[in-house]
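Residue 268 is where the sequence shown starts when you use my numbering, and the numbers rise one by one after that. Report on the following structure.
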Amino acid sequence: MTILRDDIAAFEKMRAELEATHAKEWVVIHGGELQGVFSDFEEAATLAVDRFGSGACLIRQIGAPDAIQLPGGMIFTPSHALSTSRV
Numbered sequence: 268m269t270i271l272r273d274d275i276a277a278f279e280k281m282r283a284e285l286e287a288t289h290a291k292e293w294v295v296i297h298g299g300e301l302q303g304v305f306s307d308f309e310e311a312a313t314l315a316v317d318r319f320g321s322g323a324c325l326i327r328q329i330g331a332p333d334a335i336q337l338p339g340g341m342i343f344t345p346s347h348a349l350s351t352s353r354v
């Protein structure tokens, strides 16, 4: 949790403005800076993985109850990467 302290603090500073303008959307915060606002979790997580790999960043839904803490070993895999269809 210490790794995300700056990101959580940055989110808290922006929270009121984000809730007024982007309710129910998703944000990515890294290094204490807003990286983007997205319409769904998959878009936010894809950006986070593309930019930061397995490094820590905060992905949070605006206006949702306080975040659920996930184990550090969880890595996002886009749904298209799990497809079993064959060409």
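Positions of the beta carbon are idealized from the N, C-alpha and C atoms, including for glycine. The model shown is predicted, which means the values in this text are computed figures rather than measured ones.
Exercise. Using a Cβ-Cβ cut-off of 7 angstroms (strictly less than) and excluding sequence neighbours within five positions of I296, which residues of its own chain qualify?
Worked result: Taken in chain order, the residues that qualify are D274, A277, F278, Q302, C324, L325.
Exercise. Considering only C-alpha positions, which residue in the set K291, G330, A312, I329 is nearest to G322?
Worked result: Relative to G322, the option among K291, G330, A312, I329 whose CA is nearest is A312.
Problem set entry | Residues near V354 in its chain [Cβ-Cβ closer than 6 angstroms; skip 5 each side] | Annotation note: pLDDT 49 at V354 (below 50); position unreliable, coordinate value reported separately. Nothing listed; no residue qualifies.
For this session: Output the distance between the C-alpha atoms of F308 and Q328, rounded to the nearest integer angstrom.
Result: Rounded to whole angstroms, F308 to Q328 spans 8 angstroms at the Cα level.
Problem set entry | Classification of A315 by the beta-carbon crowding that lies within 10 angstroms, buried from 16 upward | Buried: at least 16 other Cβ atoms inside 10 Å.
Exercise. Is it the case that the Cβ atoms of S306 and E292 are separated by a distance below 8 angstroms?
Worked result: Taking 8 angstroms as the Cβ cut-off, S306 and E292 qualify as a contacting pair.
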